[in-house]
Amino acid sequence: MKELKPTCDPDGVYSVKRTCIELGISHKTLRKYKKYGYIKPINPNNVCRPKYSGRSIIDCWLILIAL
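The sequence shown begins at 63 in my numbering and counts up by one.
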């Protein structure tokens, strides 16, 4: 995970690949974080192509640095 706060737009919508880049993690780690409830997709019914908001990426990062 990156030590610097993600620079994504809080109102933006991001793919799995871009979300992983912003957080500095792999897609498997993102799946684990989603399972634990650290981050939630904005389209939970679409399991094939989840999208994440910039706000949820930043919130996830804030949760993880506090652990």
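Cβ coordinates follow ideal geometry from the N, Cα and C atoms, glycine included.
Original post:
For PRO72, which residues of its own chain have a beta-carbon under 7 Å away from its beta-carbon, when the five flanking residues on both sides are left out?
Top reply: The residue labelled residue 72 in the question sits at position 10 within the sequence shown. Closer than 7 Å at the Cβ level, and outside the excluded window around PRO72, lie GLY116, ARG117, ILE120.
Subject >> Whole-Å CB distance - LYS64 paired with GLY86, under 8 Å assumed >> reply: Position 2 of the sequence shown, counted from the first residue, corresponds to residue 64. Position 24 of the sequence shown, counted from the first residue, corresponds to residue 86. That pair is a contact at about 4 Å.
Original post:
Considering VAL78, what are the terminal residues of the alpha helix (DSSP H) in which it resides?
Top reply: Position 16 of the sequence shown, counted from the first residue, corresponds to residue 78. VAL78 -> alpha helix (DSSP H) spans 78-85.
**OP:** Measuring alpha carbon to alpha carbon, tell me which of THR69, THR81, ILE127 ends up nearest PRO112.
**Re:** In the sequence shown, counting from the first residue as 1, residue 112 sits at position 50. Nearest of THR69, THR81, ILE127 to PRO112, Cα basis: THR81.
Subject >> Beta-carbon spacing of CYS122, ILE101 below 8 Å >> reply: Start at 1 with the first residue of the sequence shown, and residue 122 comes out as number 60. Start at 1 with the first residue of the sequence shown, and residue 101 comes out as number 39. Yes, the Cβ-Cβ distance between CYS122 and ILE101 is below 8 Å.
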